[in-house]
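Notes follow once the structure below has been shown.
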Amino acid sequence: MARPHALARCVDNLIDNALKFSPPDAPVEITVRATNLTVRDHGRGIAATDRDAVFGRFYRADRTRSTPGSGLGLAIVHDIVTAHGGTVHVDNHPEGGAAVGFRLPTIGEQRAGSLPGHQRGLAKS
């Protein structure tokens, strides 16, 4: 069963993270499609070497050490989403910035006990 307050915290954490890494006058874009939610910033993006680690507890890329935060926001997103049977994803947007989000299973997938495959390099379970 879904925990709405926990899922709301995921969205809050993704938006907060995007605001931290976007220039002050740049928009933060939120895209929702079926069971997928993605938040895009307009910052420098995430280095390929950091993408697998960004959902780890206390992880902060060297270049972000001066940015406020403890490095727990995306780890919390990961833990809540996986507890709901979902997956998290991170990639750089083709036009710049990072795109971070999650996918939750459909009711049919929950009943079947499985999720479709992940795209290599985008999902972390």
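With the numbering used here applied, the sequence shown covers 4 to 128. For glycine and all other residues, C-beta sits at the position ideal for the given N, C-alpha and C.
Can you tell me which of the three DSSP states A5 falls into?
Numbered from 1 along the sequence shown, position 2 holds the residue referred to as residue 5. In the structure shown, A5 adopts coil according to DSSP, grouped into three states.
Proximity below 9 Å, CB of V93 to CB of V84
Sequence index remark: in the sequence shown, residue 93 carries index 90 (1-based). Sequence index remark: in the sequence shown, residue 84 carries index 81 (1-based). No, Cβ-Cβ distance for V93 and V84 is not below 9 Å.
Under a three-way DSSP split, which group does R106 fall into?
Against the sequence shown, residue 106 aligns to sequence position 103. Strand, per DSSP.
Only counting runs of 4 or more residues, tell me where the alpha helix (DSSP H) segments fall wholly within the segment 10–98, in order along the chain.
Listed in chain order, the complete alpha helix (DSSP H) runs (minimum 4 residues) inside the segment 10–98 are 76–86.
Work out the CA separation of Q113 and R12 for me, nearest whole Å.
Working through the sequence shown from its first residue, we reach residue 12 at position 9. Working through the sequence shown from its first residue, we reach residue 113 at position 110. Rounded to whole angstroms, R12 to Q113 spans 22 Å at the Cα level.
Bridge partners for A101 per DSSP, in chain order?
Stepping through the sequence shown from its first residue, residue 101 is reached at position 98. DSSP output for A101 lists N95 as bridge partner(s).
Starting from the C-beta of A78, find all residues in its chain whose C-beta is less than 7 Å away, skip the five residues before and the five after it, and write them out in chain order.
On the sequence shown, residue 78 is found 75 positions in, with the first residue counted as 1. Closer than 7 Å at Cβ, skipping near neighbours: F58, G59, R60.
When burial is assigned at 16 or more other CB atoms within 10 Å of the CB, is T109 buried or exposed?
Indexing the sequence shown from 1 puts residue 109 at position 106. Burial call: exposed.
Going by CA-CA distance only, name the one from D82, D44, A5 that's closest to A153.
The requested residue 153 does not occur in the structure, where the chain is confined to residues 4 to 128.
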